[in-house]
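Visitor:
Numbering (this note's numbering), first residue to last: -9 to 313.
#1: If residue 162 and residue 116 are in contact, beta carbons under 8 Å, what's the gap, nearest whole angstrom?
#2: Residue 96 and residue 228: beta carbons closer than 8 Å?
#3: Please name the residue in 310, 118, 134, 136 whose C-alpha comes closest to that of residue 151.
#4: Starting from residue 224 and walking both ways along the alpha helix (DSSP H), at which residues does that stretch end?
#5: With DSSP as the reference, please indicate the residues paired to residue 249 in a beta bridge.
#6: Contact check, residue 214 vs residue 39 under 8 Å by CB: the rounded distance?
#7: Let's see if you can read the secondary structure: which residues bound the beta strand (DSSP E) around residue 48?
#8: Around the C-beta of residue 3, are 16 or more other C-beta atoms found within 10 angstroms, so that it is buried, or is it exposed?
#9: DSSP puts residue 315 in a beta bridge; with which residues?
#10: Contact between the segment 128 to 137 and the segment 59 to 73 is defined here as three or more beta-carbon pairs at a separation below 8 Å; is this criterion met?
#11: Assuming residue 158 and residue 134 form a contact by the criterion Cβ under 8 Å, report the distance between their Cβ atoms to the nearest whole angstrom.
#12: Among 286, 24, 54, 50, which residue has its Cα nearest to the Cα of residue 138?
#13: Suppose you measure from the CA of residue 182 to the CA of residue 272; what does that come to, to the nearest Å?
#14: By DSSP's criteria, residue 305 is part of a beta bridge. Which residues make up the other side?
#15: With H, G and I counted as helix, E and B as strand and the rest as coil, what does DSSP make of residue 32?
#16: Does DSSP put residue 17 in a helix, a strand or coil?
#17: Which runs of the alpha helix (DSSP H) spanning at least 4 residues fall entirely within the segment 41 to 109, listed in chain order?
#18: If you check the beta carbons only, do residue 225 and residue 69 fall under 8 Å apart?
#19: How would you label residue 309, buried or exposed, when you count the other beta carbons within 10 angstroms and need 16 or more for buried?
#20: If you compare alpha carbons, which of 113, 90, 73 is closest to residue 44?
#21: Along the alpha helix (DSSP H) that carries residue 265, what are the first and last residues, could you check?
#22: Classify residue 164 as helix, strand or coil using the three-state DSSP reduction.
#23: How many whole angstroms separate the CB atoms of residue 270 and residue 240, which I take to be in contact at a CB cut-off of 8 Å?
#24: Please identify the residue among 20, 92, 145 whose C-alpha is closest to the C-alpha of residue 245.
#25: So for residue 139, helix, strand or coil by DSSP?
#26: Would DSSP call residue 152 helix, strand or coil?
#27: Per DSSP, residue 130 is paired with what?
#28: Closest to residue 147 by CA distance: which of 105, 78, 111, 217 is it?
#29: Whose CA, out of 36, 274, 253, 122, lies closest to the CA of residue 211?
#30: Can you tell me whether residue 279 is buried or exposed, with buried defined as 16 or more other CB within 10 angstroms of its CB?
#31: Using a 10 Å radius around the Cβ and a threshold of 16 neighbouring Cβ atoms, would you call residue -4 buried or exposed?
#32: Helix, strand or coil for residue 280, going by three-state DSSP, please let me know.
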């Protein structure tokens, strides 16, 4: 939920480890920086469509090291967005393993046709249909925001297909009321809790800037650009009502999970990450420093280090072991 749609004004191709790109905004704190450029996915911008029996068309792409012995990775983007949001992760992981990306139904390159309402369970079934089509029996999942929620949904309902889940920026309650809103979090613009305690430590950024006509906008990518506004309204409606998970649902997850969030995430209350990590058996929790809901773009070097560490970690059941 709350995976804000990154509308883009330019395509800036910048590899990891090459320093800051020209998109970096040094005039605001990093956790308030709203990245507005997403380069190409290496070898992956030219995808194809899977036509489901329900009439849904899903755009997807698969690339990377097909002969790798590592488990393939399914990468799921944020709400109202598209797969290029995850380009840092896709490009890095494709060097050592096979990577699958899909544009969620009705979003990105996937047309908004043959259905009306958005539901996380539908996203989950779509992902399984894609894996069946590709004849991939087992994947690790890397999800951001809505993609992270879908990843957890997959782990709950299709446990035999999911090896592990790296869930960044997920929430388990639409209204974020469970287990409570008064956690002592440091999410404020000034970096201190007391400065705006009445808002539970949260200050909304005033620096957000988005271009509705960029090369990775809905209007540019979607086969149904006339429905972009309706799509955004539909996804927002879902955010107001889903998910509604409690501890019993989390007990269904039997694979290794890391719950990941930025320490200045203003889209998802910290209590959500805390509850997920507490209720999922043996889950790990990672709070990324001085980043927000866009941590995967704001600090991709640290994010990818943690991601690859998790994907390569040896687990026996749900428990991690050193090799």
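Ideal placement from N, C-alpha and C gives every residue a C-beta, glycine not left out.
Small disclaimer: the values here were computed from a predicted structure and weren't measured.
Guide: In short:
#1: Between residue 116 and residue 162 the Cβ distance is about 21 Å, and since that is not below 8 Å, they are no contact.
#2: No, these two residues do not count as a Cβ contact at 8 Å.
#3: 118
#4: 218 to 231
#5: 157, 275
#6: Contact between residue 214 and residue 39 is ruled out by a C-beta separation of about 13 Å, above the 8 Å threshold.
#7: 47 to 54
#8: Below a pLDDT of 50, predicted positions are generally treated as unreliable, and residue 3, at 28, falls in that range; no measurement from the model is reported.
#9: No answer is possible for residue 315: the residues shown for the chain start at -9 and end at 313.
#10: yes
#11: 5 Å
#12: The shortest CA-to-CA distance from residue 138 to any of 286, 24, 54, 50 is the one to 286.
#13: Reliability fails at residue 182, whose pLDDT of 41 lies under 50, so the model's placement of it is uncertain and the value that follows must be treated cautiously. Using only the alpha carbons, I get a separation of about 30 Å.
#14: 310
#15: coil
#16: coil
#17: 77 to 83
#18: Yes. Within cutoff.
#19: exposed
#20: 113
#21: 260 to 269
#22: coil
#23: 5 Å
#24: 145
#25: helix
#26: strand
#27: 63, 154
#28: Cα-wise, what sits closest to residue 147 is 111.
#29: 36
#30: exposed
#31: Note that residue -4 has pLDDT 35, beneath the 50 cutoff, so the model's placement of it is unreliable and the number below is only indicative. Classification of residue -4: buried, given that the 10 Å Cβ count is 16 or more.
#32: coil
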